[in-house]
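Engineer:
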Amino acid sequence: LVDASYDRINEVDDQIGAFLTLDEESARSQAKQLDAESDKEARLFGIPAGIKDNIVTKDLRTTCGSQFLRNFDNPLYNATVVDKLQAEKNITIGKLNMDEFAMGSSTENSSFALTRNPWNTDYVPGGSSGGSAAAVAAGEVLFSLGSDTGGSIRQPASFCGVVGMKPTYGRVSRFGLVAFASSLDQIGPVTRSVEDNARVLEVISGVDKMDATSANVDVPSYTDALTNDVKGLKIAVPKEYLSEGVAPEVKEAVMNALKVYELLGAEWEEVSLPHSSYAVAAYYLLASSEASANLARFDGVRYGVRSDKADNMMDMFKYSRSEGFGEEVKRRIMLGTFALSSGYYDAYYKKAQQVRTLIRKDFEQIFENYDVVIGPTAPTPAFKIGENIDDPLTMYANDILTIPVNLAGVPGISVPCGFSDEGLPIGLQIIGKAFDEQMVYRTAHAYE
Ligand code: GLN
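According to full-length UniProt numbering, the residues represented by the sequence shown are 25 to 472, in order.
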């Protein structure tokens with residue numbers, strides 16, 4: 025499998041650009057050392073995977089898609105998720121391209137390389153986990169890990185026609201995930217099938233003493249939940265998720281999926297998530313505020329390439345940060361420091377936190393009467409490379425259907441549900457109650 029993975033990468037990655045770093049020598053030697061007899065219980069025995077480049081891998085370059093970290097060649101430890109994969113004899117093939125520090129929706133903010141959508145290379149793969157989705161869609165690895173702060177697993181999964189899960193906040197340890205917005209970030213799997221996805225999440229889930237926000241909640245068997253039985257399932261379809269901004273072909277694909285659920289014996293009803301129209305504004309304030317604090321550590325001393333222009337300490341910070349960060353990252357840091365500054369804190373950050381509570385309550389109320397919420401993952405199929413890059417607001421608006429899920433902290437998956445007229449995949453989003461990944465998987469698997 026590892027040989028097949030590198031063969032495929034050699035064949036197609038020139039055109040796709042999913043990988044930033046390959047770990048070929050070490051991966052092949054690890055694969056050779058596997059022992060089918062003693063390791064036969066291992067749940068990911070010899071399975072090749074790619075890891076998003078904001079997840080720290082011991083001795084393997086980890087850049088976060090940023091020139092600032094271009095020489096971070098030898099991280100000292102593995103993220104908890106990577107240790108967990110390795111304990112199950114999984115093989116890391118390499119590190120996957122992403123928007124710089126996970127800020128973006130198209131992977132065009134990577135400061136290293138362009139990643140292309142495997143279905144049509146004129147189009148973006150989505151983002152920020154564009155490399156993670158493209159690598160799986162192009163058959164370069166059997167699964168990958170991504171991270172999702174406002175949609176960065178689900179939206180690229182939708183654009184690339186693969187399955188992407190953002191678990192409940194706290195379900196998966198964030199230790200070793202380079203923080204973007206710590207109260208929203210979650211790691212999750214990108215796979216071809218729902219079953220594979222459930223298998224990988226089973227391995228990486230669970231409380232971790234290295235992450236105080238990881239939840240001490242039992243991890244049930246997600247694969248046991250794949251019963252194909254959705255009879256009597258109650259589905260809520262928020263009307264805000266099928267409103268004007270959503271492309272007609274996306275709407276049609278989602279309506280067709282709902283018909284399939286009806287045939288399978290489930291029921292659906294239209295509901296309202298009344299505060300979802302404020303989600304994008306609240307998210308960009310909160311995520312940028314947290315990012316501005318988290319990214320303070322990149323100063324050219326503790327982390328990052330130091331500028332050689334400066335001859336005093338303050339200039340060293342300034343030049344290193346000016347040269348190291350890209351435009352979008354700087355935009356977020358400025359927005360975040362502004363929102364947190366005294367005099368503006370109540371008007372922006374505090375307000376946004378209050379909106380966040382209302383959005384969480386919208387979901388809680390719905391889940392009193394329904395098992396899952398279903399809608400599209402993104403308002404459109406993949407857009408063309410370059411189409412939105414000069415227009416941050418249009419780019420931000422693309423996250424409108426994924427962001428509320430992060431703000432509420434609940435799990436959400438994207439599964440393929442059809443194609444646009446241009447032959448680009450469309451994703452169906454299934455959202456569940458906090459820590460009810462089983463229901464999300466069951467619902468997704470029955471449809472698939
Ligand atoms: N597109 C969103 C942003 O740019 C979400 C990113 C993410 O989930 N990491 O912030």
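Note that the Cβ used here is the ideal one computed from N, Cα and C, for glycine as well.
(1) Less than 8 Å between the CB atoms is what I'm expecting for Val379 and Ile454, so what's the real figure, rounded?
(2) Could you spell out where the alpha helix (DSSP H) holding Met189 opens and where it closes?
(3) Would you tell me roughly how many angstroms separate the C-alpha atoms of Cys184 and Thr139, rounded to the nearest one?
(4) Check Pro459 in the structure and name its three-state DSSP category.
(5) Say yes only if the C-beta of residue 486 is nearer than 7 Å to one or more non-hydrogen atoms of the ligand GLN, and no if none qualify.
(6) Compute the distance between the beta-carbons of Ser444 and Glu273, then report whether it is under 8 Å.
(7) Could you name the residues that DSSP lists as bridge partners for Glu291?
(8) Would the C-beta of Asp77 count as close to the ligand GLN, meaning under 7 Å from any of its heavy atoms?
(9) Do Gly175 and the ligand GLN come close, with the Cβ less than 7 Å from some heavy atom?
(10) Below 7 Å, is the gap between the Cβ of Asp172 and the nearest heavy atom of the ligand GLN?
(11) With Gln210 as the anchor, note down where its beta strand (DSSP E) starts and where it stops.
(12) Ordered along the chain, which non-local residues of its own chain (more than five positions away) have a Cβ less than 6 Å from that of Pro46?
(13) Given a cut-off of 8 Å, decide if Tyr193 and Leu225 are closer than it, judged by their beta-carbon atoms.
(14) Locate the beta strand (DSSP E) running through Thr45, then write down its first and last residues.
(15) Sort out for me which residues DSSP pairs Gly442 with in a bridge.
(16) Taking DSSP as the reference, what is the three-state secondary structure of Ser206?
(17) With 16 other CB atoms within 10 Å as the buried threshold, where does Arg223 fall?
(18) At 4 residues or longer, what runs of the alpha helix (DSSP H) sit wholly inside the region 95-144?
(19) Any chance you could list the beta strand (DSSP E) runs of at least 3 consecutive residues sitting entirely within the region 391-438, in chain order?
(20) Helix, strand or coil: how does DSSP classify Val196 here?
(21) Looking at the structure shown, is Ala371 part of a helix, part of a strand, or coil, going by DSSP?
(22) I want to check one thing, is the minimum distance from the CB of Ala311 to the heavy atoms of the ligand GLN below 7 Å?
(23) Assign Met122 to buried or exposed, taking buried as 16 or more other Cβ atoms, counted over all protein chains shown, within 10 Å of its Cβ.
(24) Can you list, in chain order, the residues of its chain whose CB lies under 7 Å from that of Ser197, leaving out five sequence neighbours each side?
(25) In this structure, what does DSSP give as the bridge partners for Tyr147?
(26) Give a yes or no on contact between the region 35-55 and the region 164-175, applying the rule of three or more CB pairs nearer than 8 Å.
(27) At a cut-off of 7 Å, would you count Arg146 as near the ligand GLN, judging by its Cβ distance to the nearest heavy atom?
(28) What is the DSSP secondary structure of Ala236, reduced to helix, strand or coil?
(29) Evaluate the contact criterion for the region 139-155 versus the region 405-421: three or more CB pairs, one atom per stretch, below 8 Å.
(30) Is DSSP giving Thr86 helix, strand or coil here?
(31) Figure out for me which residue from Lys56, Tyr372, Ala203, Gln54 has the closest Cα to the Cα of Ala305.
(32) In chain order, what residues of the same chain lie with their CB nearer than 6 Å to the CB of Asp386, ignoring the 5 residues before and after it?
(33) Tell me, which residues are paired with Ala73 by DSSP?
(34) Got a sec, what are the start and stop residues for the alpha helix (DSSP H) Thr173 sits in?
(35) Which residue or residues does DSSP assign as beta-bridge partners of Leu201?
(36) Below 7 Å, is the gap between the Cβ of Ser152 and the nearest heavy atom of the ligand GLN?
Structural biologist: Quick answer:
(1) Looking up residue 379 in the sequence shown gives position 355. Looking up residue 454 in the sequence shown gives position 430. 24 Å between Cβ atoms; not a contact.
(2) Residue mapping note: residue 189 aligns to position 165 of the sequence shown, counting from 1. Note, Met189: premise wrong, no alpha helix (DSSP H); beta strand (DSSP E) at 187-190.
(3) The residue given as residue 184 occupies position 160 in the sequence shown. The residue given as residue 139 occupies position 115 in the sequence shown. Approximately 12 Å, taken between the alpha carbons.
(4) Counting from 1 along the sequence shown, the entry for residue 459 is found at position 435. Residue identity check: residue 459 is Phe in the sequence provided, not Pro. In the structure shown, Phe459 sits in coil (DSSP, three-state: anything other than H, G, I, E or B).
(5) Nothing can be reported for residue 486, as the shown portion of the chain is limited to 25 through 472.
(6) As a working note, residue 444 is residue 420 in the sequence shown. As a working note, residue 273 is residue 249 in the sequence shown. Yes. Within cutoff.
(7) One-based indexing of the sequence shown puts residue 291 at position 267. DSSP lists Lys258 as partners of Glu291.
(8) Within the sequence shown, residue 77 is the residue found at index 53, counting from 1. No, since every heavy atom of the ligand GLN falls outside the 7 Å radius drawn around the Cβ of Asp77.
(9) Locating residue 175 in the sequence shown gives position 151, counting from the first residue. Yes, the Cβ of Gly175 comes within 7 Å of a heavy atom of the ligand GLN.
(10) Residue numbering aside, residue 172 sits at position 148 when the sequence shown is read from its first letter. Result yes, Cβ under 7 Å from the ligand GLN.
(11) The count along the sequence shown starts at 1 and reaches residue 210 at position 186. 210-215 is the extent of the beta strand (DSSP E) around Gln210.
(12) Residue 46 sits at position 22 when you count from the first residue of the sequence shown. Note that residue 46 is Leu in the sequence shown here, rather than Pro. Hits under 6 Å: Gly118.
(13) Position 201 of the sequence shown, counting from 1, holds the residue named residue 225. Position 169 of the sequence shown, counting from 1, holds the residue named residue 193. Contact: no.
(14) Against the sequence shown, residue 45 aligns to sequence position 21. From DSSP, the beta strand (DSSP E) with Thr45 extends over 43-46.
(15) Taking the sequence shown and counting its residues from 1, the one referred to as residue 442 is at position 418. According to DSSP, Gly442 bridges with Ile450.
(16) Working through the sequence shown from its first residue, we reach residue 206 at position 182. Ser206: coil per DSSP, three-state reduction.
(17) In the sequence shown, residue 223 corresponds to position 199, counting from 1. Per the 10 Å Cβ criterion, buried.
(18) 104-111
(19) 396-400
(20) For this step, residue 196 is matched to residue 172 along the sequence shown. Correct three-state label for Val196: strand.
(21) Your numbering for residue 371 matches position 347 in the sequence shown. DSSP places Ala371 in helix when its eight states are reduced to three.
(22) As a position in the sequence shown, residue 311 is number 287, starting the count at 1. The answer is yes for Ala311.
(23) Mapped onto the sequence shown, residue 122 falls at position 98. The residue is buried, with at least 16 neighbouring Cβ atoms inside 10 Å.
(24) Within the sequence shown, residue 197 is the residue found at index 173, counting from 1. Excluding positions up to five away in sequence, the list reads Thr104, Val105, Asp232, Met234, Asp235, Ser238.
(25) Against the sequence shown, residue 147 aligns to sequence position 123. Note: Tyr147 sits in a beta bridge opposite Lys408.
(26) yes
(27) Along the sequence shown, one-based indexing puts residue 146 at 122. According to the sequence provided, residue 146 is Asp. The question's Arg does not apply to it. No - the ligand GLN has no heavy atom lying nearer than 7 Å to the Cβ of Asp146.
(28) Taking the first residue of the sequence shown as 1, we reach residue 236 at position 212. Coil at Ala236, not helix or strand.
(29) yes
(30) The residue labelled residue 86 in the question sits at position 62 within the sequence shown. Coil at Thr86, not helix or strand.
(31) Position 281 of the sequence shown, counted from the first residue, corresponds to residue 305. Here the closest residue by C-alpha is Tyr372.
(32) Mapped onto the sequence shown, residue 386 falls at position 362. Closer than 6 Å at Cβ, skipping near neighbours: Leu297, His299.
(33) Position 49 of the sequence shown holds residue 73. Paired residue(s): Thr116, Phe167.
(34) Against the sequence shown, residue 173 aligns to sequence position 149. First-last for Thr173: undefined, no H or E at that position.
(35) The count along the sequence shown starts at 1 and reaches residue 201 at position 177. In the DSSP output, where bridge partners are listed per residue, Leu201 has Ile79.
(36) For this step, residue 152 is matched to residue 128 along the sequence shown. Checking every heavy atom of the ligand GLN against the Cβ of Ser152, one is found closer than 7 Å.
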